[in-house]
Structure formats: C-alpha cells, structure tokens
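Undergrad: Pasting a structure below so you can have a look.
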C-alpha cells in the first residue's frame with residue numbers, strides 16, 4: 001500500500017468486489033477521499049502571504065475545525081473521488097484506479113534518505129537530528145550537479161522529526177548490539193588474529209511480560225568463540241572486556257620485579273558516562289600503567305560495565321586472569337603486579353582489591369578535599385602532616401591539625417581527620433612506601449580518551465574506538481624503536497629514579513635527625529604500624545558510604561511531624577468559615593491580622609520575628625514552660641498565604657528578617673481587601689483560572705501597538721505560538737499590555753500569583769477575540785498607537801491596519 005501513495009488523504013479502505021472482479025480473482029479494495037477544509041477568512045495571514053486559501057494548516061478541537069493561522073472556522077469541501085486497488089492472485093503487482101474529480105490538493109510529501117541518515121548515525125550516534133540534516137545537505141551542496149538536486153535534498157530533510165524517528169530505530173537496540181558485537185568479535189579472531197581485542201561480552205534482553213531476562217555471553221575459549229544463552233531471574237551484569245596481545249605482553253612484564261616495567265604501579269579507576277545507552281549510561285573500568293619508554297600513560301585492559309561496586313571489580317580481575325592464562329599457555333594463573341596498585345577511595349574498588357592485593361590510596365585526594373574549607377592555615381598544616389617523613393613528625397603534625405580544628409570550632413572535621421588517619425598507610429609519606437605514586441594516573445588515561453573523541457559513544461562505537469587504540473599502541477611501540485614516533489612529555493626512567501632517591505634521602509635524613517635527638521634525651525624513631533579499616537563493598541566513591549541509599553545512615557534531620565503539629569494543621573485546615581476582617585501593616589517587618597470566627601469571636605495574630613496570637617492557647621504557652629507550638633490561627637494565615645505544609649517556615653515559632661519580610665510582603669496584597677484572605681484562594685492549581693482572575697487589576701492600563709520581536713514566543717490570550725508568518729511585514733504588529741501573570745513553582749509543580757501582584761508585559765495577536773479571552777470588555781478602539789511607532793509604520797502596515805478597522 002505504501003507504493004501506491006499519491007499525496008492525498010483517503011478514508012479506511014474496505015473490500016469491494018464486482019461482477020468483473022470476484023474474490024476468486026484476488027483482492028479488491030475501495031476507499032473514498034476524505035475531502036478537505038478551506039479557510040474563507042479574507043484577512044487570514046496565510047491567504048495574504050501565499051495568495052491561496054489555507055487548506056493545510058488545520059486545527060481540530062473536538063467537533064470544531066479552525067484555521068491554525070487566523071483561528072477562524074474552516075469550511076469542509078466534500079470530495080467524490082474514489083480509489084481502487086486490485087491485487088491479482090499469484091501476481092507481484094497491484095493495479096490502481098482513480099474515479100471522479102478531486103476537489104482537494106495534492107500534498108508533495110518528503111521522503112528522507114533513510115540509508116544515508118542511518119549511516120550518519122552509526123558513525124556519529126551523538127549527532128542531533130538537525131545536525132544530521134545539515135551535514136547531508138552540505139554534502140549535497142558540494143557534490144550536486146544541479147540546483148534541483150540540492151532543493152530535493154533540502155525538501156526531504158526540512159522536517160527534523162523524520163531524522164529523529166530514524167535515530168530511535170538505529171541507536172540502542174539490544175538485539176542489534178549483540179549481533180554487531182558478535183560480528184566484531186569474529187572479525188578480531190579471523191581477520192585481525194587477536195581475540196583479546198574483544199575478548200568477552202555479556203548482554204541482557206529483558207522479557208517485558210515476566211521478571212526473567214535472556215542472558216547472552218560470548219567469549220574466546222581454546223582458539224574459538226563460544227556463545228551461550230540462558231534465561232535467568234537473578235542479577236546479571238552487562239559488560240564488554242577488551243585488551244590486546246601487545247598489552248597482555250606488557251602485563252606480564254609488569255609482574256616481573258627485575259623488568260624495567262616491573263617498577264611501575266598499575267592504576268585502576270572508573271570513567272563515568274563514557275557510553276550512551278537507551279535508558280541508561282554505562283561506565284568504563286580501566287587498568288592503566290605509565291610506560292617509561294613511551295613516556296605516557298597507556299591503558300592495558302578496559303571493561304564497559306553497569307555498576308561501580310565490588311562484584312564488578314572482581315569480575316574485571318577474573319577476566320584479566322583468564323586472558324593472561326590463555327595468552328601464556330596456562331603458565332600465568334593470576335595477575336599480580338610486582339610494585340602495587342594505585343586507586344581512588346572508592347569502597348567497591350578497595351574492597352575487591354583488598355581481597356587479593358594491598359591497596360594504595362591516591363594522595364592528592366586528601367590534599368584537595370580541604371580546599372572547600374577556605375582556611376589557608378589549616379591547608380598548610382594538613383600538607384605538613386601528609387608530607388611528614390617520619391612517624392614522630394606525623395604524630396606531631398596530626399595533633400597540631402586536631403588542636404587547630406578544636407580551637408576554631410570546626411568539630412565537623414574531626415571525623416574527616418580520623419577517616420584519613422585510618423588510611424595513613426596508603427596516603428601519608430611517613431607510612432607509605434617510598435616508591436608509591438602520588439596520584440592516580442588512570443585519570444590521565446580517561447582524559448586522553450575524552451580528548452580523542454572516545455566518550456559519549458554507543459557500545460559498538462566504544463568497542464571500535466578501543467580496538468583502534470590498541471592498533472595505535474602497537475604501532476607506537478614499533479615506531480619509537482625505529483625513531484619515527486616521538487615520546488610523550490612524562491618523566492623518563494632516569495628522572496623517576498632520581499625522584500625516588502631524593503625521597504629516600506629525605507626520609508633517611510629525618511630519621512638520622514631523630515636519632516640525634518634521642519641521643520640528647522628526645523624521642524626515639526618509631527617504626528610505621530599498619531592501620532586497618534572496613535570498606536563498604538557497594539560504595540562507588542567514598543569507601544565508607546554505600547551507593548545504595550537504603551543502606552546509608554539516617555541523618556539528624558527529622559523526617560516526620562509531631563502528633564501535636566499535625567493536630568494543629570488539621571484544625572487550621574478546618575477553619576474555612578473564619579473570615580479575615582483586617583490586615584494592618586505596621587512596617588516592612590511587622591503586621592497584625594484580625595480573624596473572626598463563625599461565633600463572632602475575634603483573634604489577632606501579630607507577625608514579627610516572633611509571632612504571637614491573642615488566643616488562649618498562645619497565652620498559655622507564653623506563661624508555661626511548654627515546647628513552643630504554633631496555634632491554629634497563625635497556621636491558618638500561613639496556609640492562606642500559600643505556604644506549603646512541608647516548608648520549614650510553617651513549622652517554625654520564630655523567623656529570620658528575610659522570612660518575616662516574605663510574610664509581610666504576601667500580607668500586603670490583602671491590606672485593602674482582607675476578605676480575600678481565605679482558604680479557597682485558587683492560586684495553586686489552574687493557569688487559566690489565575691490568568692482570568694486578576695485581569696481587572698490592569699484593565700485601565702493602555703493597550704499599545706508594538707512590533708513582534710525575537711524573544712516573544714506566544715500570544716497571552718490564545719496561548720498559541722507566533723508563526724514565521726507573524727514575524728513578516730505587515731503581520732508583525734501585535735498588542736502589548738501589562739498583566740498580573742501567573743508564575744510556575746518548580747518545587748511544588750503548580751502555578752501561583754506573586755504576593756505583591758507584580759505586573760509584567762504580555763503580548764496578544766492583533767485580534768479582538770484573543771484579547772477578550774482575558775479582558776472581556778476589550779474593543780478595537782482601545783488600541784493606542786504611539787507617535788514613535790506611527791512614524792516607523794510602512795505603507796504595508798498602514799494598509800493592513802486600515803483593513804482591520806484600526807484608525808491611524
């Protein structure tokens with residue numbers, strides 16, 4: 001049916017057979033034309049611009065059909081044309097017949113180049129639809145042989161929604177991802193002869209109807225790819241594991257202490273949101289090392305994964321062991337670097353690595369964490385503590401930092417100090433190994449990946465990028481040997497040895513100084529002792545803070561209200577029959593509100609930094625030593641002023657100057673009409689109701705004629721957006737008027753009117769009915785044209801305004 005589209009709208013077809021074409025001959029379908037609508041308004045902007053009646057831009061609201069440009073009612077034009085499809089049995093074509101004359105116009109629909117758009121998205125999945133359209137048109141401008149080719153391409157791509165729909169069909173399909181990863185894995189084995197480029201991947205396909213999911217695992221085992229599938233309702237992980245033969249060779253060198261690379265620490269860290277996926281973003285866990293020959297950081301193994309916890313890291317380490325075992329022909333069963341590991345303070349990382357190795361913390365974290373405190377002296381003391389070279393110096397500086405925190409009432413930092421003291425073997429110079437690095441260079445590897453365009457890709461593109469990076473590394477090693485590749489800007493092997501020797505000399509000199517002090521009766525040098533602490537296995541960043549919110553300790557902030565407060569709120573909400581008879585503003589920070597009950601009793605509520613009430617409940621609280629609770633009369637007034645029941649101000653007994661100023665500002669709006677202060681103020685729900693409620697406050701303000709400029713987006717009366725036609729001469733004149741406009745509260749998700757009834761400019765179409773939707777008494781004669789505007793009007797403007805009955 002798609003091949004027979006002709007640019008017209010047809011009703012639903014039904015089967016229709018004749019004496020000459022029976023069901024035994026095949027299938028015969030019949031459909032009638034839907035007809036069309038025409039705008040007969042002589043002042044329609046569409047007619048004036050295109051010199052043709054509008055039959056395309058139709059706005060349907062219920063049973064009404066209006067013109068989308070002028071808002072006028074459209075006339076239906078019946079069409080008697082009929083379309084017939086005849087599908088002959090055992091034939092691969094269709095005969096199409098048209099009967100009758102059409103009264104409707106043919107619509108030339110665009111047909112976007114689907115294959116080109118798909119290819120563009122596969123190469124650039126982060127492109128926006130408008131970028132894809134622009135790139136394809138630019139390519140056509142460079143290669144086209146005629147103007148018609150460029151115009152056809154621009155017409156087919158003028159609607160960005162077509163490209164957007166194609167993007168949704170290309171990016172993020174799990175089935176396609178599995179298929180493409182499997183094809184890429186086979187290519188690495190058969191063509192590239194390196195199975196470790198894409199060693200293993202696991203994908204999940206969720207069953208919508210059940211809680212189970214289909215798990216697809218593909219890995220390289222014994223010279224071939226083994227693919228397995230099973231159904232499971234247990235927790236499984238999505239991951240893709242990658243390396244290369246050259247990088248596995250480097251891993252084996254790192255394990256040998258007598259090798260030049262054996263003196264280097266390996267670095268582990270997560271890269272957040274490297275991969276864009278449909279519904280969620282994936283992380284990348286990377287293992288990196290500083291290459292002393294190439295003088296730059298090189299990543300060795302990468303795994304794209306979902307979570308940042310202990311199980312993910314253990315899965316990563318298991319994958320490294322499996323690759324090394326196959327690469328070495330079963331000679332290496334476990335990866336164990338000769339020097340050590342460097343990582344950040346993530347509890348998942350630490351908990352996993354601590355099971356097999358010792359963990360080294362990144363030293364620059366403890367130095368940078370205190371920068372937010374903005375205390376220069378404390379920062380200096382912390383740096384002295386970190387870089388103390390002996391245990392005695394560290395203990396002295398630790399006590400100095402602790403004393404400084406206590407004296408300056410910064411007790412909240414004591415736990416922070418104790419937290420790092422438990423990790424002193426990983427951070428402090430006096431306790432950690434001399435050769436341990438100061439920073440986690442895995443961050444450098446992540447930054448290099450981002451700089452080279454390796455972030456914000458889909459899963460397939462990430463795998464291709466990492467494979468291409470492995471090829472670059474292999475050629476860099478060969479190119480450096482032959483002299484065609486330059487080294488990085490990092491320190492050489494000789495320079496690193498000089499730094500380590502300098503550190504050792506400084507520590508030895510400090511120890512000798514303490515020995516001299518011991519000889520003179522001072523303290524003897526102490527040996528470093530190991531410190532211990534427990535890491536949270538599910539922590540993604542802080543080692544003591546779980547990534548699961550349900551496992552975090554509850555803070556001191558109260559999350560529920562007291563029974564007495566809830567009782568007062570209920571009583572306040574039941575005061576619908578109370579009336580406000582007076583709002584007396586004494587000063588910007590003082591006011592009195594008088595309420596009268598249905599029984600005629602009067603209560604006065606005084607607002608200051610301490611609110612009081614004349615009711616017996618408040619008087620009792622002022623004399624007795626009771627916990628301060630607001631009376632229902634004060635709560636009633638605050639609720640009427642649109643203060644939420646969950647906000648802090650309604651729970652407080654005293655206020656700051658800013659808070660009481662906010663209350664007085666809201667009360668000021670009711671000073672002249674105190675009877676409007678009641679519970680049923682519709683200022684929290686309906687936008688249209690609020691817009692139409694306060695129109696009388698600005699009815700006397702002038703309705704001025706002005707030009708439509710760029711920042712004005714839609715009409716305040718009909719809420720329709722201004723079209724491109726409205727921005728062209730002579731239709732670019734509109735009405736400007738001051739209004740008390742509703743505002744939207746993002747926290748409460750509701751519309752409201754500001755307490756001081758602030759006015760701002762609103763703009764209307766140059767149509768009486770648009771303005772009358774807000775101001776029912778408006779007439780065309782109310783429009784004012786200033787002398788300044790009148791002098792800038794063109795002849796087209798003057799002719800247009802005269803036809804609308806506006807006097808110049």
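Numbering (full-length UniProt numbering), first residue to last: 1 to 808. By construction, the Cβ of each residue, glycine as well, lies at the ideal position given by its N, Cα and C atoms.
Spatial neighbours of residue 120 within its chain, please: C-beta separation below 6 Å, excluding the five flanking residues on both sides.
TA: The residue labelled residue 120 in the question sits at position 120 within the chain shown. Only 132 meet the Cβ criterion.
Undergrad: Could you name the residues that DSSP lists as bridge partners for residue 231?
TA: For the purposes of this step, residue 231 is identified with residue 231 of the chain shown, where counting begins at 1. BP columns for residue 231 point to 214.
Undergrad: Which residues does DSSP pair with residue 60 in a beta bridge?
TA: Here residue 60 corresponds to residue number 60 of the chain shown, with the count starting at 1. DSSP output for residue 60 lists 65 as bridge partner(s).
Undergrad: Please name the residue or residues paired with residue 202 in a DSSP beta bridge.
TA: As a working mapping, residue 202 is identified with position 202 in the chain shown. BP columns for residue 202 point to 217, 239.
Undergrad: Tell me which same chain residues have a C-beta within less than 6 Å of the C-beta of residue 491, skipping the five on either side of it?
TA: Indexing the chain shown from 1 puts residue 491 at position 491. Same-chain partners within the cutoff: there are none.
Undergrad: If residue 580 sits next to residue 677, beta carbons under 8 Å apart, how far is it from one beta carbon to the other, in whole angstroms?
TA: By 1-based counting over the chain shown, the position of residue 580 is 580. By 1-based counting over the chain shown, the position of residue 677 is 677. With a Cβ gap of about 4 Å, residue 580 and residue 677 count as contacting.
Undergrad: Counting Cβ pairs, one atom from each stretch, are 3 or more of them under 8 Å apart for the stretch 748-760 and the stretch 104-123?
TA: Too few Cβ pairs lie closer than 8 Å, so no.
Undergrad: Is it the case that the stretch 77-88 contacts the stretch 33-45, given that we only count it when at least three CB pairs across the two stretches are under 8 Å?
TA: With the cut-off at 8 Å, the stretch 33-45 and the stretch 77-88 touch.
Undergrad: Please look up how many angstroms separate the CB atoms of residue 285 and residue 300, rounded, as I've assumed it's under 8 Å.
TA: The residue labelled residue 285 in the question sits at position 285 within the chain shown. The residue labelled residue 300 in the question sits at position 300 within the chain shown. Incorrect: roughly 12 Å between the Cβ atoms, too far for contact.
Undergrad: Report the residue ranges of all beta strand (DSSP E) runs contained in full by the stretch 716-758; include only those spanning at least 3 residues, in chain order.
TA: Counting only runs of 3 or more, we get 733-739, 743-745, 750-752.
Undergrad: Determine the DSSP secondary structure at residue 55, reduced to helix, strand or coil.
TA: Within the chain shown, numbered from 1, the residue matching residue 55 stands at position 55. Residue 55: coil per DSSP, three-state reduction.
Undergrad: For residue 429, which residues from the same chain have a beta carbon less than 7 Å from its beta carbon, with the 5 sequence-adjacent residues on both sides left out?
TA: For the purposes of this step, residue 429 is taken as the residue at position 429 of the chain shown. Counting only Cβ-Cβ distances below 7 Å, and skipping sequence neighbours, we find 386, 387, 388, 389.
Undergrad: Report the three-state DSSP secondary structure of residue 580 (helix, strand or coil).
TA: Within the chain shown, numbered from 1, the residue matching residue 580 stands at position 580. It is a strand residue.
Undergrad: Check whether the stretch 583-597 touches the stretch 655-664, counting contact only when three or more Cβ pairs, one atom from each stretch, lie closer than 8 Å.
TA: Touching, per the Cβ criterion.
Undergrad: Short check: CB of residue 444 to CB of residue 292, under 9 Å?
TA: Along the chain shown, read from residue 1 onward, the residue named residue 444 stands at position 444. Along the chain shown, read from residue 1 onward, the residue named residue 292 stands at position 292. Cβ distance not < 9 Å, so residue 444 and residue 292 don't count as in contact.
Undergrad: Suppose you measure from the CA of residue 59 to the CA of residue 68; what does that come to, to the nearest Å?
TA: Within the chain shown, the letter at position 59 stands for residue 59. Within the chain shown, the letter at position 68 stands for residue 68. Rounded to the nearest angstrom, the two C-alpha atoms are 5 Å apart.
Undergrad: So who's on the other strand from residue 613, going by DSSP bridges?
TA: Here residue 613 refers to the residue found at position 613 of the chain shown. 605.
Undergrad: Using the three-state DSSP reduction, which class does residue 75 fall into: helix, strand or coil?
TA: The residue labelled residue 75 in the question sits at position 75 within the chain shown. In this structure, residue 75 counts as strand in the three-state DSSP scheme.
Undergrad: Could you check the C-alpha separation between residue 625 and residue 578 for me, to the nearest Å?
TA: For the purposes of this step, residue 625 is identified with residue 625 of the chain shown, where counting begins at 1. For the purposes of this step, residue 578 is identified with residue 578 of the chain shown, where counting begins at 1. Because residue 625 sits at a pLDDT of 46, beneath the cut-off of 50, its placement in the model cannot be relied upon, and the following sentence gives the value as read from the coordinates. If I take the Cα positions, the gap works out to 30 Å.
Undergrad: So, with DSSP's three-state summary, where would you put residue 389?
TA: Mapped onto the chain shown, residue 389 falls at position 389. Coil, per DSSP.
Undergrad: Rounded to whole angstroms, how far is the Cβ of residue 305 from the Cβ of residue 324, which I believe are closer than 8 Å?
TA: Within the chain shown, numbered from 1, the residue matching residue 305 stands at position 305. Within the chain shown, numbered from 1, the residue matching residue 324 stands at position 324. Incorrect: roughly 20 Å between the Cβ atoms, too far for contact.
Undergrad: What span of residues does the alpha helix (DSSP H) with residue 321 cover, start to end?
TA: Counting from 1 along the chain shown, the entry for residue 321 is found at position 321. Residue 321 -> alpha helix (DSSP H) spans 310-327.
Undergrad: Assess, as a yes-or-no matter, whether the stretch 729-746 is touched by the stretch 795-803 under the definition of 3 or more beta carbon pairs within less than 8 Å.
TA: Yes, the stretch 795-803 is in contact with the stretch 729-746.
Undergrad: Taking 8 Å as the threshold, find out whether the stretch 131-150 comes into contact with the stretch 179-191 through three or more Cβ pairs.
TA: No, the stretch 131-150 does not touch the stretch 179-191.
Undergrad: Closer than 7 Å by C-beta to residue 259: which residues in its own chain qualify, once you throw out the five before and the five after it? Chain order, please.
TA: Position 259 of the chain shown holds residue 259. Contacts found: 253.
Undergrad: Of the residues 11, 303, 776, 777, which one's Cα is nearest the Cα of residue 268?
TA: Working through the chain shown from its first residue, we reach residue 268 at position 268. That would be 303, whose Cα lies nearest to the Cα of residue 268.
Undergrad: Flag this pair as touching only if the stretch 87-95 and the stretch 137-144 have three or more C-beta atom pairs under 8 Å; answer yes or no.
TA: Touching, no.
Undergrad: Using only alpha-carbon positions, find the residue among 339, 322, 337 that is nearest to residue 331.
TA: Start at 1 with the first residue of the chain shown, and residue 331 comes out as number 331. Of the listed residues, the one whose Cα sits closest to residue 331 is 322.
Undergrad: Nearest by alpha-carbon distance to residue 246: which of 583, 472, 200 is it?
TA: To locate residue 246, count along the chain shown from 1; it is residue 246. Nearest C-alpha to residue 246: 472.
Undergrad: Go ahead and pull the three-state DSSP assignment for residue 471.
TA: Within the chain shown, the letter at position 471 stands for residue 471. Correct three-state label for residue 471: helix.
Undergrad: If you run the structure through DSSP and keep just helix, strand and coil, what is residue 18?
TA: Counting from 1 along the chain shown, the entry for residue 18 is found at position 18. Three-state DSSP puts residue 18 in coil, outside helix and strand.
Undergrad: For the candidate residues 6, 7, 181, whose alpha-carbon lies nearest to that of residue 461?
TA: Within the chain shown, numbered from 1, the residue matching residue 461 stands at position 461. When each option's Cα is compared against that of residue 461, the closest is 181.
Undergrad: Evaluate residue 230 with the Cβ neighbour count: other Cβ atoms within 10 Å of its Cβ, from every protein chain shown; 16 or more gives buried, anything less gives exposed.
TA: As a position in the chain shown, residue 230 is number 230, starting the count at 1. Residue 230 is exposed by the Cβ-count criterion.
Undergrad: Apart from the five residues just before and just after residue 373, which ones in its own chain have a Cβ nearer than 6 Å to its Cβ?
TA: Taking the chain shown and counting its residues from 1, the one referred to as residue 373 is at position 373. Low local confidence applies: a pLDDT of 42 at residue 373 is under 50, so the model's placement there is unreliable, and no value is given.
Undergrad: Mind checking which residues open and close the beta strand (DSSP E) that includes residue 82?
TA: The count along the chain shown starts at 1 and reaches residue 82 at position 82. Run containing residue 82: 82-88, per the beta strand (DSSP E) assignment.
Undergrad: Only counting the same chain, and skipping five residues up and downstream in sequence, which positions put a Cβ closer than 7 Å to that of residue 721?
TA: Stepping through the chain shown from its first residue, residue 721 is reached at position 721. Once the five neighbours on either side are set aside, the close Cβ partners of residue 721 are 713, 714.
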